[in-house]
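Asker: The following block contains the structure, expressed as structure tokens.
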Amino acid sequence: MALSEQDLLLLQAIQGGLPLHARPYEMVAQSIGMSEADVMQRLDYLQEIGVMKRLGVIVRHHELGYRCNGMCVWDIPNDRLEEIGQAFSAYDFVTLCYERPRRMPDWPYNLFCMIHGKDRDVVLEQAERLVRENGLEDIQRDVLFSTKRFKQRGAHYGMCSPAKIKEVVTCAK
Amino acid sequence: MRKIEPVELDDLERLLINELQGGFPISQRPFYDVAMRLGSDEETVLTKISSLRERGVLSRFGPMYNAEKMGGGLTLAAISIPEDDFDRVNDIVNGFGEVAHNYKREHELNMWFVLATETPERVQQCCNEITEATGYQVYNMPKKQEFFIGLRFEA
Numbered sequence: 001m002a003l004s005e006q007d008l009l010l011l012q013a014i015q016g017g018l019p020l021h022a023r024p025y026e027m028v029a030q031s032i033g034m035s036e037a038d039v040m041q042r043l044d045y046l047q048e049i050g051v052m053k054r055l056g057v058i059v060r061h062h063e064l065g066y067r068c069n070g071m072c073v074w075d076i077p078n079d080r081l082e083e084i085g086q087a088f089s090a091y092d093f094v095t096l097c098y099e100r101p102r103r104m105p106d107w108p109y110n111l112f113c114m115i116h117g118k119d120r121d122v123v124l125e126q127a128e129r130l131v132r133e134n135g136l137e138d139i140q141r142d143v144l145f146s147t148k149r150f151k152q153r154g155a156h157y158g159m160c161s162p163a164k165i166k167e168v169v170t171c172a173k
Numbered sequence: 174m175r176k177i178e179p180v181e182l183d184d185l186e187r188l189l190i191n192e193l194q195g196g197f198p199i200s201q202r203p204f205y206d207v208a209m210r211l212g213s214d215e216e217t218v219l220t221k222i223s224s225l226r227e228r229g230v231l232s233r234f235g236p237m238y239n240a241e242k243m244g245g246g247l248t249l250a251a252i253s254i255p256e257d258d259f260d261r262v263n264d265i266v267n268g269f270g271e272v273a274h275n276y277k278r279e280h281e282l283n284m285w286f287v288l289a290t291e292t293p294e295r296v297q298q299c300c301n302e303i304t305e306a307t308g309y310q311v312y313n314m315p316k317k318q319e320f321f322i323g324l325r326f327e328a
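Just so you know, the sequences run in chain order A and B.
Numbering of the first sequence is given in our numbering, commencing with residue 1 and proceeding in unit increments.
Numbering of the second sequence is given in our numbering, commencing with residue 174 and proceeding in unit increments.
Here it is in structure tokens:
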């Protein structure tokens with residue numbers, strides 16, 4: 001994947017957010033000495049190759065009334081993991097589904113899915129649907145509700161720091 | 174526990190939130206394009222997005238990067254902390270710049286946080302530093318496989 005020095009400057013320029021201005025890409029372009037057309041073309045490219053997943057908004061779901069976020073965790077036998085992971089992903093109330101490593105003996109669960117809901121009982125019922133409809137009655141599982149959110153920020157991965165830019169550019173040469 | 178009251182939204186704000194979670198145009202007048210799609214006007218859309226941000230409904234208006242593709246590291250980690258020591262540990266953990274979100278959950282492992290780091294190696298380092306600073310073991314549980322990521326919320 002070829003990221004130019006300019007791409008990294010661009011990623012850094014917008015990582016805090018897009019300007020709320022009628023011509024946001026022109027403003028960004030001016031700030032880093034590019035043309036508006038180039039900024040748009042590079043952003044299309046960065047989106048296409050997946051460096052940038054998308055532009056848009058991230059909501060704070062609590063503020064929208066989604067105050068029950070249930071992390072459903074499952075100890076799925078390895079040979080059924082693929083099947084169950086796919087099956088869970090098809091439910092419209094499942095917002096994320098990942099395999100993660102077990103940490104024995106304290107943590108036997110290898111499949112994580114999130115259910116975000118406005119009501120705790122609804123989330124529990126949805127988790128039960130996953131159990132019933134996928135024959136998981138004998139599977140060890142748990143639902144961990146969050147009781148308090150301490151920090152939620154957009155991910156500033158920091159990889160656009162000047163030091164990082166230098167490093168990446170150096171590697172690319 | 175801190176109560177967050179749901180924010181009152183008007184119809185256009187709901188439309189905007191639902192629409193912009195799917196993406197934002199890359200064009201000369203993107204707010205105008207969004208406005209046309211939603212039957213509004215450019216000025217109103219700009220004002221609404223600004224207001225949604227100020228009211229804390231949007232945590233972000235801009236790009237979502239792929240940490241791994243950018244050479245960064247990402248993980249979910251957990252700690253088991255006695256209730257009477259929770260606040261102290263919480264302050265320490267949140268003091269790490271790499272901690273992107275942090276939730277208290279009902280379980281023996283009662284603190285769950287996401288680490289987003291500049292390099293993949295930094296993930297484990299960061300876990301070790303948190304262990305050292307807090308005195309508690311950090312369970313590092315990086316994603317092994319992604320089945321689904323569709324995190325969107327109907328407003």
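Beta carbons are placed, not taken as given, at the ideal position from N, Cα and C, and that holds for glycine.
Note that the structure is a prediction, hence the values are computed from the model and not measured.
1) Reducing DSSP to helix, strand and coil, say where S221 of chain B ends up.
2) Taking all protein chains shown into account, do 16 or more other C-beta atoms lie within 10 angstroms of the C-beta of D79 of chain A, making it buried, or fewer, making it exposed?
3) State the start and end residues of the unbroken alpha helix (DSSP H) segment that holds S89 of chain A.
4) Taking only three categories from DSSP, how would you classify F259 of chain B?
5) Measure the CB-CB distance between M27 of chain A and M237 of chain B and report whether it falls below 8 Å.
6) Taking only the alpha-carbon atoms, compute the straight-line gap between D183 of chain B and A328 of chain B and give it to the nearest angstrom.
7) Go through its chain and collect everything with a Cβ distance to C113 of chain A's Cβ below 7 Å, but skip five positions before and after it.
8) Going along chain A in order, which residues have a C-beta closer than 7 Å to the C-beta of E319 of chain B?
9) Does the beta-carbon of K221 of chain B have 16 or more other beta-carbons within 10 angstroms, so that it is buried, or is it exposed?
10) For F197 of chain B and G244 of chain B, what's the separation of their Cα atoms in angstroms?
11) Compare the C-alpha of L225 of chain B against each of B:V296, B:L185, B:M284, B:D214 and name the closest.
12) One question on the structure: do N110 of chain A and I84 of chain A come within less than 8 Å of each other, judged by their Cβ atoms?
13) Measure the CB-CB distance between V131 of chain A and S232 of chain B and report whether it falls below 8 Å.
14) In chain A, what lies closer than 8 Å to R278 of chain B by C-beta?
15) P24 of chain A touches chain B at which residues, Cβ-Cβ below 7 Å?
16) Applying a beta-carbon distance threshold of less than 9 Å, which residues of chain B neighbour V101 of chain A?
Answerer: On the basis of the data shown:
1) Looking up residue 221 of chain B in the second sequence gives position 48. In the sequence under discussion, the amino acid at residue 221 of chain B is Lys, which differs from the Ser named in the question. In this structure, K221 of chain B counts as helix in the three-state DSSP scheme.
2) Within the first sequence, numbered from 1, the residue matching residue 79 of chain A stands at position 79. The residue is exposed, with fewer than 16 neighbouring Cβ atoms inside 10 Å.
3) Taking the first sequence and counting its residues from 1, one reaches residue 89 of chain A at position 89. S89 of chain A -> alpha helix (DSSP H) spans 81-89.
4) Within the second sequence, the letter at position 86 stands for residue 259 of chain B. Helix, per DSSP.
5) On the first sequence, residue 27 of chain A is found 27 positions in, with the first residue counted as 1. On the second sequence, residue 237 of chain B is found 64 positions in, with the first residue counted as 1. No; because the gap between Cβ atoms is not below 8 Å, this pair is not in contact.
6) Here residue 183 of chain B corresponds to residue number 10 of the second sequence, with the count starting at 1. Here residue 328 of chain B corresponds to residue number 155 of the second sequence, with the count starting at 1. Cα-Cα distance, rounded: 10 Å.
7) On the first sequence, position 113 is the one that residue 113 of chain A refers to. Taken in chain order, the residues that qualify are C72, F88, V94, L96, C97.
8) The count along the second sequence starts at 1 and reaches residue 319 of chain B at position 146. In chain order: Y98.
9) Here the question's residue 221 of chain B lines up with position 48 in the second sequence. Looking at its Cβ environment, which holds 16 or more other Cβ atoms inside 10 Å, K221 of chain B is buried.
10) Working through the second sequence from its first residue, we reach residue 197 of chain B at position 24. Working through the second sequence from its first residue, we reach residue 244 of chain B at position 71. Roughly 24 Å separates the two Cα atoms.
11) Residue mapping note: residue 225 of chain B aligns to position 52 of the second sequence, counting from 1. Here the closest residue by C-alpha is B:L185.
12) Numbered from its first residue, the first sequence carries residue 110 of chain A at position 110. Numbered from its first residue, the first sequence carries residue 84 of chain A at position 84. In this structure, I84 of chain A does not lie closer than 8 Å to N110 of chain A by Cβ.
13) In the first sequence, counting from the first residue as 1, residue 131 of chain A sits at position 131. In the second sequence, counting from the first residue as 1, residue 232 of chain B sits at position 59. No, they are not a contact pair.
14) For the purposes of this step, residue 278 of chain B is identified with residue 105 of the second sequence, where counting begins at 1. Ordered by position in chain A, the residues that pass the 8 Å Cβ test against R278 of chain B are M71, L144, F145, S146, T147.
15) The residue you call residue 24 of chain A lines up with position 24 of the first sequence. What P24 of chain A touches in chain B: P203.
16) Here residue 101 of chain A refers to the residue found at position 101 when the first sequence is read from its first residue. As written in the sequence, residue 101 of chain A is Pro, which differs from the Val given in the question. Correct list: N313, M314, P315, K317.
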